[in-house]
Every structure is written in C-alpha cells, then in structure tokens.
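Those letters in the sequence shown? Residues 1 to 1100, per full-length UniProt numbering, in order.
Notes follow the structure.
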Amino acid sequence: MDQSVKPFMVFILLWIANLQQILGQCPNSPYRSFDGTCNNLQSPSWGAANTLFTRLIPAKYSDGRSRPALAKDGSELPSARLLSVEVFQEGIQNSPEFSLANMQFGQIVAHDMALTRGDDPVFSVRGIECLGLIRTLTNCDENPSTCTRAEQINAVTSFLDLSVVYGNSEQESLQLRDPNTGLLKIEQRDGQDWPPRHPNASTTCTLKTPEDSCYLTGDGRANQSPHLAILQITFVREHNRIARLLQNFNPNLSPEEIFQRARSINIAQYQHIVYNEWLPNFLGRSFMLENQMIYQTRSPTNDYSPIIDPSVINSHTTAAFRFFHSSIQGTLKLYEESRRSLAKININDHTNNPDILEQEPDRYGDLLRGLTTQPMGLHDTSLDPATKHFLFRFNNMFGTDLKSLDIQRARDHGLPGYNDFAFYCFRQRATTWADFNKVFIPGAIELLSIYYKSVDDLDLSVGLAFEKKIDNTETGVVMRCIMGEQFLRTRRGDRFFYENGNHLSSVQLAEIRKATMAKILCDNSLLNRQPESSDELFSSSKSSLLLPSSLTDLSSQSDATTSDEFPFESLAWDKNLVELFNDFTEPDDSKRQDGTTTNTHTDARDEFLRQQYADTTEQQPQLAYSQPSTRTVSNREHCNHLETQLTISTQHRKEFVDIDAQPTRLINTSDSPDHTNTAGWNVHATQSDNDHWNTDTQYSPVHLPYSENDSGYDETKDTADKEDGLSHADESDISERHRQIQARIVDLLQHIERCVTEGTALTIRRKPRWDTCTIENGILQTTDPSNEGRTIKPTNSRRLQLMVKILATIYQLLATRTSCTKRELYYLHLELAQTPYFTYAVLDDIAALLDADTWEMNVFNTSKGLIAGPLVLTLSDGQTIDCRINRWGTPVPLDVSSVIELRLTAKLVLVVEKDTVFKRLLEDGIFTTFPDTVVLITAKGYPDVSTRLLLKKIADWKQVPIYALMDADPHGIEIFCVYKFGSLAMVHQQRSLAVPSMRWIGLFPSDIELLGLQGVPLREPELKRIEQMIKRPYTEGHIQRELLLLCQLATKAEIESLYNIASDFITTVYLKGKFEECLKNSPATYAEALNNSQLLKEVD
1 MDQSVKPFMV FILLWIANLQ QILGQCPNSP YRSFDGTCNN LQSPSWGAAN TLFTRLIPAK
61 YSDGRSRPAL AKDGSELPSA RLLSVEVFQE GIQNSPEFSL ANMQFGQIVA HDMALTRGDD
121 PVFSVRGIEC LGLIRTLTNC DENPSTCTRA EQINAVTSFL DLSVVYGNSE QESLQLRDPN
181 TGLLKIEQRD GQDWPPRHPN ASTTCTLKTP EDSCYLTGDG RANQSPHLAI LQITFVREHN
241 RIARLLQNFN PNLSPEEIFQ RARSINIAQY QHIVYNEWLP NFLGRSFMLE NQMIYQTRSP
301 TNDYSPIIDP SVINSHTTAA FRFFHSSIQG TLKLYEESRR SLAKININDH TNNPDILEQE
361 PDRYGDLLRG LTTQPMGLHD TSLDPATKHF LFRFNNMFGT DLKSLDIQRA RDHGLPGYND
421 FAFYCFRQRA TTWADFNKVF IPGAIELLSI YYKSVDDLDL SVGLAFEKKI DNTETGVVMR
481 CIMGEQFLRT RRGDRFFYEN GNHLSSVQLA EIRKATMAKI LCDNSLLNRQ PESSDELFSS
541 SKSSLLLPSS LTDLSSQSDA TTSDEFPFES LAWDKNLVEL FNDFTEPDDS KRQDGTTTNT
601 HTDARDEFLR QQYADTTEQQ PQLAYSQPST RTVSNREHCN HLETQLTIST QHRKEFVDID
661 AQPTRLINTS DSPDHTNTAG WNVHATQSDN DHWNTDTQYS PVHLPYSEND SGYDETKDTA
721 DKEDGLSHAD ESDISERHRQ IQARIVDLLQ HIERCVTEGT ALTIRRKPRW DTCTIENGIL
781 QTTDPSNEGR TIKPTNSRRL QLMVKILATI YQLLATRTSC TKRELYYLHL ELAQTPYFTY
841 AVLDDIAALL DADTWEMNVF NTSKGLIAGP LVLTLSDGQT IDCRINRWGT PVPLDVSSVI
901 ELRLTAKLVL VVEKDTVFKR LLEDGIFTTF PDTVVLITAK GYPDVSTRLL LKKIADWKQV
961 PIYALMDADP HGIEIFCVYK FGSLAMVHQQ RSLAVPSMRW IGLFPSDIEL LGLQGVPLRE
1021 PELKRIEQMI KRPYTEGHIQ RELLLLCQLA TKAEIESLYN IASDFITTVY LKGKFEECLK
1081 NSPATYAEAL NNSQLLKEVD
C-alpha cells in the first residue's frame, strides 16, 4: 500500500469508530428528539437544550471572567435606565405595512430558540430608584472552580422545532400529550379546545380569581400576553387537527406514530412560514436568496452540513433579535367580523393572565382579529410607555423597563460593543463618531455622543436601534449581518429541516409549501364551531402578517405611493365635519341645496362617505388603510382549505401518511460561505418615514386668508346647529380673539378641503434652531424668515383626519367657553391619535396654522405649579383663589387667562426649581422670617405653560421683582433661562411666556467654592450640555461666567446642600442676604451685589 494513503486510511477508521460510538449513544429514529440532542450525529450536543450559546466575537468582561464591561477609559458605561429614558423616545408609531401578528410571531420564534434561566426582572416599586436584574445562569455558576470565562446557557433547543408546543425534554412532552390518541392534551369549554390548566397555576400565572385560565404548554412564557397565548393555542390545535386527519386516513397507525408524524408536519409548516413568509419581511427576500437561506426551486434543497453548529448566537438572541420590542403595542384592540373596532385592553392588565380569551365565547376571535388587523409598532427608537414603565407590573402601580433590561442584559452577557460587530461584519472599524454617518439615522451621532465617551463604548443593542433601514427590510447593516448568520446556521445545521428531502417526499414538500400563517389561524379558529353568519374571520389576505389594507388596492394611479399616501377616497372624513364645511362656506353656483357640489371628484367623496358612514354612531375612524378588502369571501371559501390549500389534499393524503424517513446521509460539504461580508460601509441604506413625525420641522403659517372678510364666516347667520354638535355662544359673550380664531378655523377647514380636492399641501414652518435665534428685548426670538418647512400632503390621511377633528373640537371649546387639557384631547380622539405625542404634534401644527397659542384655543397643558404666600387671584367667574390658605401650596389654575385680578401685597416673588425645596421653605417658616415679603412659586422642575403664564401676568401687572432659586447645575440654569428668555420649542409664543425681568439669585456655581459646599461630579452628558448652553444667544455676562465656572469645577450642587451648613441657613442667612441686596440694588448691578462682603460677613 502507498505510504501516503496510510494516514488517510487511519483517519477513516478512527472516524468510523467514532461514528459507531455516537450511533450507540443516539437512537436510530426518523424523528427529532425533544431536547435537540443527536440532531448532529457527529456532535450530538450541538443545538441541544441546556447547552451554551455560541458567539461571533469573544465575550468582553471587565475582569476577563464575568463582570460586565466598562467604558474604554475604565469608567462606568452610561446607566441603562438613563439611556432608555433620554435616548429612546416614549411613544409608538404604527407600521404602515405589518400587523401585530408579525411582531407576535417573532416572539414565538424567539421563545422557540432561546431561554435563559434567571431572566426574571425584579420589578420596580414606587420610590425605588433602581431596576433590578437577575443575571443569567452561566457555566461559571455550575463549575465556579474550573470556569475561566462565563458563557450563558440556553435552556431550550436552538432549533425551529416548536419546543414552545412540545417541550424541551421527553419528560415535558409526556405531560403535554395524550398517550392513547397521539393528540396533545386539551380541555373543551364553550365548544373550543384549550390547552390543559397548568398544575401550578397560582405560581405560574397572576390569577385574579382561582378560576382564571392558566395554560400548560411546552413553554412557560405562553401565558405572558393574550396574543402570545393565541399563537401557542393555534399550534396546539393545529397538531390535533393534523393528528385526527392522520388517524382517519390510516386507523392502523399507533398513537406514537400519529403523534410523531403530526409533530413533524406541524414543525415543517412552521419552518416554512418562518423562512418564506415571516423572515423576508425583516431581512429582505433578495438577501435571503443571495445567501441561500431560501431557494427558488420546487425540488428539495438538501444543504445540511454536519460541520455547521446551529446553536443560537449570543448576540443574536440578546441584542439583534430583540428589535421587535419597539413594535409592541401597549393597547390591544378587539375587532368584530366586519373589522369594526369593539374595544381595547391594556396589555399590562393581562400579563401572565390570559383569562380574557375565555371570558366570552367570541372573545378569542375578537382578539385574534385584532392580532391580524391592528398595526404593529415601527422598528425604531421609540417604545410604548406600557413597555417602558409598566411592563410586568401585575398588581403594582409600576413595572419595569424593557429597554433598560435589554441594554443591561447585553452587558450581563458580555457582548462587545457595536463597533466590534461592525468590524466583524465589514472589516471596518469606526474611529470617530462621524464614521457612523453612513449607517445611523440623522441626529443619532449627536445624541449618542452625549452619553458615550467613545465610539467603542456604544452598546450593541443601542447601536442596532439607530441603524438606517436597508431598502425593503426592517434591519440595518449590522443587524442583518447578525440575524443572517443565525438563520443560515439554523437552516443548514438542522438535519431535520423540512426542505432537506430526507424526511418528506417531493409531494409532501409541495403541500407543506402551501402553508401560511393566515391559513393555520383560520383553520384552527373555527375548528369547533360554525359561524352564525357568512362573514369570514379574516379579510381576504395573502398573509396575516401584513395589514389587511396592504393588499387592498385603494388607488387607480399608476405611480407607486407610500403606505401613508392613498388617494382622496381613503380619507375617513367624519360626516359631521363635512357638514361643518357646508355650514360655514358661502353659497356658490357649484353648491347644491343638499350641500354637495357638482365636482366629479367631490361626488366620489360624498358617495364614499355615504358608504363609509352608514352607521356614524358606531363606525370607528380608520387609519390610512381605512377600508378592508371589498371582496366578500365566505367561510367555506376562505377557511375550508382541507381539500385545496395547506393541509392534506385528497390526492396526496397517502403520501403524508407514509412519512417514514429515508436513510440519513452524511454529506461532506464545505464550510458555510462568508455570507456576512457581502457589503461594506457604503451599503445604500434608507430610513422609511411613511408614518414618522418629522421632528426636524414644525409650526409654519400656511398662506391662508386670515381676514374675516375672506373667511366665509357670516356673523349675521345663526350658526347654532345641533346637528353638527357645535353650539355657539352669544356673540357678545365671545372675546374678539376667540372670534378671530373661530374664523381662522373655518378658513383652515376650507383650505384642507381644497388641499384634498386639488392635491395641494399644507406647509408647516421649519422648527427653530439655536443658530437662527437671537435675544430681542430680553426675549428669545427666531430670525429665520423662511416658511418652507415640512408639508402635509393631502394623502397623509391620518394627520389630516386628526387635524380636522381637533379643529372641530377647538371650535366647540371656544363657542361654549369651555376648555380641556392636551391629554384630554388625546383621549377624545384616541383611535386616530394612538399616541399622545402625535396628538401634541398635530396640535402644534394647528397653533402655527392659526397663528394662535394653544391656550388661546382653550387647550392647556396639565398645570403642575404651586403658589404660596400673600397673593389672591380673582377669576372671570367670580371665584377667588387665596394662596395663603393651603399649608403646602395652592395649585396654579389651569386657565390663567381667566385670572382677571391679582391682589399682591408681597415685595417680591421667589420661583423655586423643585417641589422638595418649596415644601422645605414652608416647613422652615419662610413667611415668618419674611412677613408680607415673598410669594413662593414652583413648577416642580421644568416649567409648565400655566405657571409661566401666571408669572408673566404677575410681572406685567404688578411689576414686582421676580427671583429664581435654582440648583447649581446645567438643568437648574437652563430652567431659569426658560423662565426668563423662553424655550426653543415655544419660540413663537415667547412674548406671552417669557419674563425678562426675572433675576437669578442662586444657587450659583461660584457659591460651591465660596461656601465650601459638598458637590457632586458632573457627568459627561452634563458637561456636553454646558458646552451647548454656552453657545446659546442668551448666554452672556453673569450666566456665561457661572456656566464656565461650573465647567471648570466639573462639580454641581443642589440647593439642599446649603442645609449642611446649618438647618436654617437658607432662610436666615442665604435668602436674607440675597433679598436685602437685590431689593436695594438696581438690576444692572445685582449680580455684583450678590457677591459683596456683606454676604460673606453673614456667613462668617
């Protein structure tokens, strides 16, 4: 024998011997194991439950073993909660394309592939300043003496094997299955099949009553939310539906064969949906085809490789695959069969308690329709408040913060930073923040650089959230790199993957490829009962993961439009508002007596309105996708696919029964291609803004005819009309200003109508910037004359609908001389608004378009200010408010414009930054120390509009000195500047709000050294804030000097630090000296007077 062949033969013999040993350990079964072992015959533990996650990059721990990483300079990374609150916005924008089912199915996939033990949060309680986190179980916890580096343990299998249904061990599966039938255990109630009750329901679920539902499934998280439970229940029912069919086709099959074959078919359908229906929504179908994650072929595609480890990648499950957390909706809607919204529930009221699914016979269907009709949130940098403050609150007032947990969990797992993964994917590393310009959304670098000292410190989970989306995907470049790597391994490393051809014949595979999530949901929602009507459960749709309207052609236009740009007929105008147009528009030749016009386009609109609002009292306003499919599909046609669609067709039933696997082949393949290095930093990535609110532009006056002569408003006409719901007060009782605003509302409504009919747009003036502002007469003003800002297109239906409805509400408020808060306005139009921030943005636009302040429209911010001292307010209704009565202060009235008289006997007004100092001064007897001298006011932090309006009124009417007592930190100084000069956000309303006569009397940064106060080091974001403030137009003189000193000291101090000198130091020494010097010195020299020797003598 050739000597060169001997080593090769020895290798073959050793390999055969090793294979025989493995085969002795692994059972010879055509079905996958429950715990994932022996999927790979060469490496039986790969992908099995209770094995380690794998990594793309080695873990990064500060101690090299298990302690979370530090910043590059050795300091602590920014607080996860701080990042969540200040970097990630609060609110949610609806996806214009995908339903909640798309997000919820992703959670099923995530739970199927990964579970870490010890992953339960310690829920926050009111008054506790920290969010607890139980660290994930690692190999170091099991073997601390031999462990050199912590690696987290995955408690479930890494495969897409529906372990959420069947469990992760043989023992778990035995609890879930009926040994005599091959079916999964179920309990029947109200004609429907439900998973069995959990034997430890009281500890597994949060029960409100002992009888509440709590389901036993293959995954302990099944009861986490009603929608998650629906999908779990669906796959349980689907298994039993398939098993019953198998039993009918071949009665000779044993219960074990029925169970295993039904399980195999169920898993195969699920895998097909993951790779061909769900995953392309996020990664892009073309990317998946290019990287051989899916194939365009009808034959089996056996690309299994025994050298590919299918284990879940740590960075995938801990960072990248948590992207859908921003898509969670805090409110779940219930829909009836006509797709009309019935009601809504708060997701946190039903956490770990799915009992609502069985509260009424139709409740399951109502929530299921909501799952496939309600849009999911966009994958962006905002989160629903329900997940940011109240997640898992159970019966507590507050819960925990999901984004904080995501950030901290990634650090707990030792994930390197975003820059390290960018290098892994593209072999390029950022050295400056500017290097991220090509991959991050606009404004991200400026924001992130405030909190992170170095580009290398940027957390992976934070960086991924700020990536630009690649066209036709929901991912950025690094996120797609990580997820693409994972799902390629998941496919190619699974010996039982449905397309391999080893376990399903070509005919069986063809039937599996007909599976859709909509079909499975439909087959198992009406399984046990016949509907009372012929209305289908779902609108005709190719996918339940897409919004129904995504497949409804509302436009005959040939050019493509964005999902927020539909033709006029898609606007769900309120019939009452159309009548409002007719009531306030001058008659002309084109107007008929019935109020309609001869315009063909308007006729089409009116016909649309008649169809849409046949029942105006119940019809729910729709969003941009206002109408569901017009095609009527019967239950039989849509849901009874047993013979034609997904499951076992008549001609192929025998093929499904003969599901016995062919002999397994071990295939020598090359290692997986380097599919992640397919793009560099120059990848063309864009961010969709179909339904985003553009925060770069706001407030601009549209060129409307604002004179009453052009408004179409007839003052002699009796406009009291009960049908339009806008009853009007007597003209003499309405102020001239209110009449002007009412006339402008009518102008604006007519203008919007013309915009929609003629295709013109509303222009909203550009948002002011610091570089376009100056100080004029002591007030912050913008010098930007441009009115060319963001335009609201007539096809942006939801914004226009909400604008019209808010305009009608404002008109009614003015006519009836009533008022409401911004929050109340949001709840009044909740269906259209969906988030408070969208309502507030539209309200700001209205204020700009009407050239009026929101308080002039009788819409107010919630007042949070307090007053105490010798001040009596008289309101327009005769009511008096005596601010001397309440011990802890009197609330500032919501409508300050109703204050018609001020009786003030004090010599000065002191504005205190914080509520705690306000109350401490009252406790210390400030009115005893300074009788008839001072009125105290606080807005409890950043000032609200009502408090600022009251201060402005006091300054203008009484002309008494107004002083500010603030913390010696950037926030305190900035709050003072807002009071004195005004804010950038409300630069167009400054003349009604700013108090240029206000004087800052402390606490100064110079007092820190002067009085030897115990300070606190400034954080990096605060130092950056100082740098920004120094560049602002009002920063000069005394303010500038104090800011520069604060920066030099790098130390801040709160007002309370003065109590360390003496318990009564603030009132008897500090304020006494300040008041005396300020009252006897002119404003021009007050700053110098505050630091004279007199104060030093008092201190000594």
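Idealized CB from N, CA, C, for every residue including glycine.
Predicted model only: the values in this text are computed from it and were never measured.
- Task: Rounded to whole angstroms, what's the CA-CA distance from Ser983 to Ser286? Just pull it up for me.
- Result: Numbered from its first residue, the sequence shown carries residue 983 at position 983. Numbered from its first residue, the sequence shown carries residue 286 at position 286. In a straight line, the C-alpha of Ser983 is about 48 Å away from that of Ser286.
- Task: Could you pull out every unbroken beta strand (DSSP E) segment of at least 3 residues lying fully inside the region 766-795, listed in chain order?
- Result: 773-776, 779-782 and 790-792
- Query: Going by the CB atoms, is the gap between Gly493 and Gly91 shorter than 8 Å?
  - Reply: In the sequence shown, the residue the question calls residue 91 occupies position 91. In the sequence shown, the residue the question calls residue 493 occupies position 493. No, Cβ-Cβ distance for Gly91 and Gly493 is not below 8 Å.
- Do Met113 and Leu160 come within 8 Å of each other at the CB atom, strictly closer than that value? In the sequence shown, the residue the question calls residue 160 occupies position 160. In the sequence shown, the residue the question calls residue 113 occupies position 113. Yes, the Cβ-Cβ distance between Leu160 and Met113 is below 8 Å.
- Item | Val917 to Gln93 span [Cα, whole Å] | Translated into the one-based positions of the sequence shown, residue 917 becomes position 917. Translated into the one-based positions of the sequence shown, residue 93 becomes position 93. If I take the Cα positions, the gap works out to 38 Å.
- Item | Counterpart residues of Leu402 in DSSP-defined beta bridges | Residue numbering aside, residue 402 sits at position 402 when the sequence shown is read from its first letter. Beta-bridge pairing links Leu402 to no other residue.
- Bridge partners of Glu511, per DSSP? Start at 1 with the first residue of the sequence shown, and residue 511 comes out as number 511. Bridge partners of Glu511: none, in fact.
- Closest residue to Gly778 among Ala262, Ser315 and Glu1036 (Cα-Cα distance): Walking along the sequence shown from the start, residue 778 turns up at place 778. Comparing Cα-Cα distances from Gly778 to each of Ala262, Ser315 and Glu1036, the minimum goes to Glu1036.
- Message: Let me check understanding here. Comparing Cα to Cα, which of Lys953, Val909 and Arg920 lies closest to Asp932?
- Response: Numbered from 1 along the sequence shown, position 932 holds the residue referred to as residue 932. For Asp932, the nearest C-alpha among the options comes from Val909.
- Item | Separation of Gln486 from Ala229, as counted between CA atoms | As a working mapping, residue 229 is identified with position 229 in the sequence shown. As a working mapping, residue 486 is identified with position 486 in the sequence shown. The alpha-carbon atoms of Ala229 and Gln486 are separated by roughly 26 Å.
- Task: Verify whether the separation of the beta carbon atoms of His227 and Leu115 is less than 8 Å.
- Result: In the sequence shown, residue 227 corresponds to position 227, counting from 1. In the sequence shown, residue 115 corresponds to position 115, counting from 1. Their beta carbons are not under 8 Å apart, which means His227 does not touch Leu115 by this criterion.
- Message: Less than 6 Å between C-beta atoms, sequence neighbours within five positions excluded: which residues of the same chain meet that for Ile258?
- Response: Walking along the sequence shown from the start, residue 258 turns up at place 258. Cβ within range, chain order: Gly182, Ala243, Leu246 and Gln247.
- Identify which residue in Pro996, His988 and Ile792 has its Cα closest to the Cα of residue 1101. In the structure as shown, the chain begins at 1 and stops at 1100. Residue 1101 is therefore absent and cannot be evaluated.
- Task: Give the DSSP bridge partners of Leu904, in chain order.
- Result: Position 904 of the sequence shown, counting from 1, holds the residue named residue 904. For Leu904, which the question treats as bridged, DSSP gives the partners Leu871.
- Task: Would you mind giving the Cβ-Cβ distance between Tyr31 and Gln269, rounded to the nearest angstrom? I have them listed as a contact below 8 Å.
- Result: In the sequence shown, the residue the question calls residue 31 occupies position 31. In the sequence shown, the residue the question calls residue 269 occupies position 269. Incorrect: roughly 16 Å between the Cβ atoms, too far for contact.
- Query: Which residues mark the beginning and the end of the alpha helix (DSSP H) in which Gln879 is found?
  - Reply: Residue 879 sits at position 879 when you count from the first residue of the sequence shown. No alpha helix (DSSP H) contains Gln879, which DSSP labels as neither H nor E.
- Message: Quick check: the Cα distance between Phe496 and Pro310, rounded to an integer number of angstroms?
- Response: Here residue 496 is taken as the residue at index 496 of the sequence shown, counted from 1. Here residue 310 is taken as the residue at index 310 of the sequence shown, counted from 1. The straight-line gap from Cα to Cα measures roughly 12 Å.
- Message: So, at 8 Å on beta carbons, what are the nonlocal neighbours of Asn266 in its own chain, with the 5 sequence-adjacent residues on each side left out?
- Response: Residue mapping note: residue 266 aligns to position 266 of the sequence shown, counting from 1. Excluding residues within five positions, the ones whose Cβ falls inside 8 Å are Leu162, Val165, Phe235, Glu238, His239 and Ile242.
- By a C-beta neighbour count over all protein chains shown, 10 Å radius and 16 as the cutoff for buried, is Ala685 buried or exposed? Here residue 685 corresponds to residue number 685 of the sequence shown, with the count starting at 1. With a pLDDT of 34 at Ala685, under the threshold of 50, the predicted position of this residue should be treated as unreliable, and no value is reported.
- Terminal residues of the alpha helix (DSSP H) in which Pro226 lies: Residue 226 sits at position 226 when you count from the first residue of the sequence shown. Pro226 -> alpha helix (DSSP H) spans Pro226 to Phe249.
- Go ahead and pull the three-state DSSP assignment for Arg32. By one-based count along the sequence shown, residue 32 stands at place 32. Note: Arg32 maps to coil in three-state DSSP.
- Item | Cβ distance (whole Å) where residue 1108 is taken to contact Leu830 below 8 Å | There is no way to answer for residue 1108, as the model of the chain reaches only from 1 to 1100.
- Per DSSP, which residues does Tyr335 bridge with? Please list them. Here residue 335 is taken as the residue at index 335 of the sequence shown, counted from 1. Bridge partners of Tyr335: Ser341.
- Indicate, with yes or no, if the ligand PLP has a heavy atom lying under 7 Å from the CB of Ile752. Of the ligands one can find in the structure shown there are none, so the ligand PLP has no counterpart to examine.
- Going by alpha carbons, who is nearest to Pro970 out of Ile1030, His988 and Ala939? For the purposes of this step, residue 970 is identified with residue 970 of the sequence shown, where counting begins at 1. Closest option to Pro970, Cα to Cα, is Ile1030.
- Glu499 in three-state terms, based on DSSP: Numbered from 1 along the sequence shown, position 499 holds the residue referred to as residue 499. Three-state result, Glu499: coil.
- Message: DSSP has Gly1040 in a bridge; who is on the other side?
- Response: Taking the first residue of the sequence shown as 1, we reach residue 1040 at position 1040. According to the sequence shown, residue 1040 is Gln rather than Gly. Bridge partners of Gln1040: none, in fact.
- Residue environment, Thr373, which counts as buried when at least 16 other CB atoms sit within 10 Å: If you number the sequence shown from 1, residue 373 lands on position 373. Counting Cβ neighbours within 10 Å, Thr373 comes out buried, since at least 16 surround it.
- Ranges of the beta strand (DSSP E) found wholly within the region 400-448, counting only runs of at least 3: none
- Message: Less than 7 Å between C-beta atoms, sequence neighbours within five positions excluded: which residues of the same chain meet that for Leu546?
- Response: Here residue 546 refers to the residue found at position 546 when the sequence shown is read from its first residue. Taken in chain order, the residues that qualify are Glu97, Phe98 and Ser99.
- Pairwise C-alpha distance: Asn28 and Trp15: Here residue 15 refers to the residue found at position 15 of the sequence shown. Here residue 28 refers to the residue found at position 28 of the sequence shown. Residue placement at Trp15 cannot be trusted, given a pLDDT of 37 that sits under 50; the coordinates are not used to answer.
- Message: With H, G and I counted as helix, E and B as strand and the rest as coil, what does DSSP make of Ser305?
- Response: Within the sequence shown, the letter at position 305 stands for residue 305. Three-state DSSP puts Ser305 in coil, outside helix and strand.
- Message: Considering only their Cβ atoms, is the gap separating Leu447 from Val87 smaller than 8 Å?
- Response: Within the sequence shown, the letter at position 87 stands for residue 87. Within the sequence shown, the letter at position 447 stands for residue 447. Cβ atoms of Val87 and Leu447: closer than 8 Å.
- Got a sec? Which residues, its chain only, sit under 7 Å from Glu856 by beta carbon, not counting five neighbours each side? Indexing the sequence shown from 1 puts residue 856 at position 856. Taken in chain order, the residues that qualify are Arg737 and Ile741.
- Task: To the nearest angstrom, report how far apart Ala430 and Ile1026 are at their CA atoms.
- Result: Taking the sequence shown and counting its residues from 1, one reaches residue 430 at position 430. Taking the sequence shown and counting its residues from 1, one reaches residue 1026 at position 1026. When rounded, the distance between both Cα atoms is 26 Å.
- What residue range is occupied by the uninterrupted beta strand (DSSP E) comprising Leu762? If you number the sequence shown from 1, residue 762 lands on position 762. Segment Leu762 to Ile764, the beta strand (DSSP E) holding Leu762.
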